[in-house]
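Novice: I have a structure here, written as structure tokens, and I will follow up with some questions on it.
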Amino acid sequence: MGFIDDELQEVSKLCQNVIDGSRLISCVRTMVRVEITKTRCKTIIVCIQFSKDYPRTPLLIELKSKTLSVKLLDGLTEVCEKECKNLLGKAQVLPILKFIRNFIDENPLICCYDEISAIKKILEHDDELKLKQKYSCISLKIQKGLYYFKAKIEVPDNYPVACVKLEDADTNFPSLFARHFKAQGKELARQCVEPPLKKKSQSPFVPSPSLKVVISFLVNSVKTLPQEHCQSCRQTCLPPNPENAETNETANMHVERLYCGHLFHLRCLVTFMKTPPFHGGKKCPTCGQHIYHEKWGVNDKLAEDRWAHQQARARELAEVEDFLK
-5 MGFIDDELQE
5 VSKLCQNVID
15 GSRLISCVRT
25 MVRVEITKTR
35 CKTIIVCIQF
45 SKDYPRTPLL
55 IELKSKTLSV
65 KLLDGLTEVC
75 EKECKNLLGK
85 AQVLPILKFI
95 RNFIDENPLI
105 CCYDEISAIK
115 KILEHDDELK
125 LKQKYSCISL
135 KIQKGLYYFK
145 AKIEVPDNYP
155 VACVKLEDAD
165 TNFPSLFARH
175 FKAQGKELAR
185 QCVEPPLKKK
195 SQSPFVPSPS
205 LKVVISFLVN
215 SVKTLPQEHC
225 QSCRQTCLPP
235 NPENAETNET
245 ANMHVERLYC
255 GHLFHLRCLV
265 TFMKTPPFHG
275 GKKCPTCGQH
285 IYHEKWGVND
295 KLAEDRWAHQ
305 QARARELAEV
315 EDFLK
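Shown next as structure tokens:
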């Protein structure tokens, strides 16, 4: 038996015992084909062919996956070929299969390679995105002027079947927005992996990746909020320096966020809600959506009655003042 036949026999005997999660599909001279699986989305099929002068030349390797990025696989293929060059004159198949398995274990973020590449394109020079492969998490910092938002985003082992988690959030935005960032980020992630209560179609629900969805929301929010205007007085809601932002949630200049996403100063919102027209409910002057707000629970009929009462009272006072002149 020759060198290749001996190696094929060794691979056939040892592969599934020494390579965790491996399944030997074929093991013949024309091709060795092995599937290496850690999770459903971290599966690589390794196709190996023996070069003409093997083992004095490296193996010919092709990597395939239904879930992992083509660019990632191309890069890993190049690394594998370089690794094979360090094994010239020796058996290369089992060592390279072990190398690929170790790569999967040591780089848990491979399941979101394309998402990370897309996220990097929407970040600006003062933002930070650091990958922590060892802990399967991403350190994120988004900056706009003096305002910032920092968080650790954990990527579970069975991603994208399970969604990312937002942890250790820190920001110098007022607490209203800090709560919104965390709550909405969590909700967007949940929607990616849990079916809606009311199905819109008959097709079965399939979990979708949540990393880019969550980070895109955070980036868009942090970048736009410091420039948003009050929908009534049209002044910029947040001051340039976060230290000057109103933190008292009952103060006139405290910034309120409507469910539609637009902003009001509290004083401006109360004035707007107390001013006609009331028919059909008050609507956001920018987007036309009905205004729902936890600090305003008065229906349009009661608001109109109160306004009419205030106007009548104002007329009475004006008549008294006119009489006393």
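If you count the sequence shown from 1, position 126 lands on 120 in this note's numbering, and the numbers rise without skipping.
In this text, a Cβ means the ideal position worked out from N, Cα and C, and glycines have one as well.
Keep in mind that this is a model prediction, so the values were computed, not measured.
#1: Return helix, strand or coil for Q10, following the three-state DSSP convention.
#2: Which first and last residues belong to the alpha helix (DSSP H) in which L182 is found?
#3: Provide the residue span of the alpha helix (DSSP H) that contains Y107, from first to last.
#4: Do we get a CB-CB distance below 8 angstroms when we pair Q221 with the residues of chain D?
#5: Measuring CB atoms only, is the stretch 70 to 85 touching the stretch 112 to 119, in the sense that at least three cross pairs come out at less than 8 angstroms?
#6: When you compare only the Cα positions, how much space is there between E222 and H259?
#7: Are the CB atoms of I38 and I94 nearer to each other than 8 angstroms?
#8: Kindly indicate which three-state DSSP category A297 falls into: helix, strand or coil?
#9: With burial defined as no fewer than 16 other Cβ atoms inside 10 Å of the residue's Cβ, what is the status of H256: buried or exposed?
#10: For V149, which residues from the same chain have a beta carbon less than 8 angstroms from its beta carbon, with the 5 sequence-adjacent residues on both sides left out?
#11: Measure from the alpha carbon of E72 to the alpha carbon of each residue in L57, L82, K46, K84, then state which is nearest.
#12: What three-state label does DSSP hand F199 in the structure shown?
#13: Between V87, Q178, E1, which has its C-alpha nearest I13's C-alpha?
#14: For A145, count neighbouring C-beta atoms within 10 Å of its own C-beta (all shown protein chains included) and say buried if the count is 16 or more, exposed if not.
#15: Specify whether the stretch 21 to 30 and the stretch -3 to 9 touch according to this definition: at least 3 beta carbon pairs, one from each stretch, less than 8 angstroms apart.
#16: For D108, which residues of its own chain have a beta-carbon under 7 angstroms away from its beta-carbon, when the five flanking residues on both sides are left out?
#17: Which term fits E161, buried or exposed, when burial requires 16 or more other beta carbons within 10 angstroms of its beta carbon?
#18: Using the C-alpha atoms, what's the distance from S210 back to A177?
#19: Between the alpha carbons of C41 and V213, how many angstroms are there, rounded?
#20: Pull the bridge partners of T230 from the DSSP assignment, please.
#21: Going by the CB atoms, is the gap between R34 and L82 shorter than 8 angstroms?
#22: Under the assumption that P168 contacts V249 (Cβ atoms under 8 angstroms), give the Cβ distance between them as a whole number of angstroms.
#23: Can you find the residues in the same chain that come closer than 8 angstroms, C-beta to C-beta, to C186, ignoring five residues on each side of it along the sequence?
#24: Distance, Cα to Cα, G345 vs G(-4)?
#25: Which residues in the same chain as P189 place their Cβ atom closer than 7 angstroms to its Cβ, once the five residues preceding and following it in sequence are excluded?
#26: State the start and end residues of the unbroken alpha helix (DSSP H) segment that holds R261.
#27: On the three-state DSSP scale, how would you describe Q127?
#28: Look at K135 and P220 and say whether their C-beta atoms are less than 8 angstroms apart.
#29: How far does the beta strand (DSSP E) with I285 in it extend, from its first residue to its last?
#30: From N80 to H174, what distance separates their C-alpha atoms?
#31: As an exercise, report each continuous beta strand (DSSP E) stretch of at least 3 residues that is fully enclosed by the stretch 47 to 82, in chain order.
#32: Taking all protein chains shown into account, decide if E1 is buried (16 or more other Cβ within 10 angstroms of its Cβ) or exposed.
#33: Taking 8 angstroms as the cut-off, decide whether the C-beta atoms of S45 and L91 are in contact.
Specialist: Reading from the atomic positions:
#1: Taking the first residue of the sequence shown as 1, we reach residue 10 at position 16. In the structure shown, Q10 sits in a helix (DSSP, three-state: H, G or I).
#2: Taking the first residue of the sequence shown as position 1, residue 182 is located at position 188. Start and end: 169 to 187.
#3: Locating residue 107 in the sequence shown gives position 113, where the first residue counts as 1. Element bounds for Y107: 107 to 116.
#4: Of the protein chains in the structure, only one exists, and it is not chain D.
#5: These segments do not touch.
#6: Looking up residue 222 in the sequence shown gives position 228. Looking up residue 259 in the sequence shown gives position 265. Roughly 11 angstroms separates the two Cα atoms.
#7: Position 44 of the sequence shown, counted from the first residue, corresponds to residue 38. Position 100 of the sequence shown, counted from the first residue, corresponds to residue 94. Cβ distance < 8 angstroms, so I38 and I94 count as in contact.
#8: By one-based count along the sequence shown, residue 297 stands at place 303. Here the model assigns A297 a pLDDT of 46, short of 50, so the residue's position is not dependable, and the following value carries that caveat. The answer is helix: DSSP assigns A297 an H, G or I state.
#9: Against the sequence shown, residue 256 aligns to sequence position 262. Classification of H256: buried, given that the 10 Å Cβ count is 16 or more.
#10: Indexing the sequence shown from 1 puts residue 149 at position 155. Only P102, L103, C105, C106, S130, C131, I132, V158, L205 meet the Cβ criterion.
#11: Within the sequence shown, numbered from 1, the residue matching residue 72 stands at position 78. The option with the nearest alpha carbon to E72 is L57.
#12: As a position in the sequence shown, residue 199 is number 205, starting the count at 1. Coil.
#13: Along the sequence shown, one-based indexing puts residue 13 at 19. Looking at the Cα atoms, V87 is the closest of the given residues.
#14: Along the sequence shown, one-based indexing puts residue 145 at 151. A145 should be labelled buried.
#15: yes
#16: Position 114 of the sequence shown, counting from 1, holds the residue named residue 108. So the list reads S63, once near-sequence residues are dropped.
#17: Taking the sequence shown and counting its residues from 1, the one referred to as residue 161 is at position 167. Classification for E161: exposed.
#18: Start at 1 with the first residue of the sequence shown, and residue 177 comes out as number 183. Start at 1 with the first residue of the sequence shown, and residue 210 comes out as number 216. Approximately 15 angstroms, taken between the alpha carbons.
#19: The count along the sequence shown starts at 1 and reaches residue 41 at position 47. The count along the sequence shown starts at 1 and reaches residue 213 at position 219. So the alpha carbons of these two residues sit roughly 40 angstroms apart.
#20: The sequence position of residue 230 within the sequence shown is 236, counting from 1. Answer is H223, bridged to T230.
#21: Reading the sequence shown from its first residue, position 88 is the one you call residue 82. Reading the sequence shown from its first residue, position 40 is the one you call residue 34. For L82 and R34, no; Cβs fall outside 8 angstroms.
#22: On the sequence shown, residue 168 is found 174 positions in, with the first residue counted as 1. On the sequence shown, residue 249 is found 255 positions in, with the first residue counted as 1. Between V249 and P168 the Cβ distance is about 6 angstroms, and since that is below 8 angstroms, they are a contact.
#23: Numbered from 1 along the sequence shown, position 192 holds the residue referred to as residue 186. These residues qualify, in order along the chain: P154, C157, P201, S202, P203, S204, V207.
#24: Any question about residue 345 goes unanswered here, given that the chain covers just -5 to 319.
#25: By 1-based counting over the sequence shown, the position of residue 189 is 195. Once the five neighbours on either side are set aside, the close Cβ partners of P189 are F199.
#26: Against the sequence shown, residue 261 aligns to sequence position 267. Looking at the DSSP string, the run of the alpha helix (DSSP H) that includes R261 is 260 to 267.
#27: In the sequence shown, the residue the question calls residue 127 occupies position 133. Correct three-state label for Q127: helix.
#28: For this step, residue 135 is matched to residue 141 along the sequence shown. For this step, residue 220 is matched to residue 226 along the sequence shown. Contact: no.
#29: As a working mapping, residue 285 is identified with position 291 in the sequence shown. First-last for I285: undefined, no H or E at that position.
#30: For this step, residue 80 is matched to residue 86 along the sequence shown. For this step, residue 174 is matched to residue 180 along the sequence shown. Answer to the nearest angstrom: the Cα atoms are 53 angstroms apart.
#31: 54 to 58
#32: Indexing the sequence shown from 1 puts residue 1 at position 7. E1 is buried by the Cβ-count criterion.
#33: Numbered from its first residue, the sequence shown carries residue 45 at position 51. Numbered from its first residue, the sequence shown carries residue 91 at position 97. L91 sits away from S45, with the two beta carbons spaced by 8 angstroms or more.
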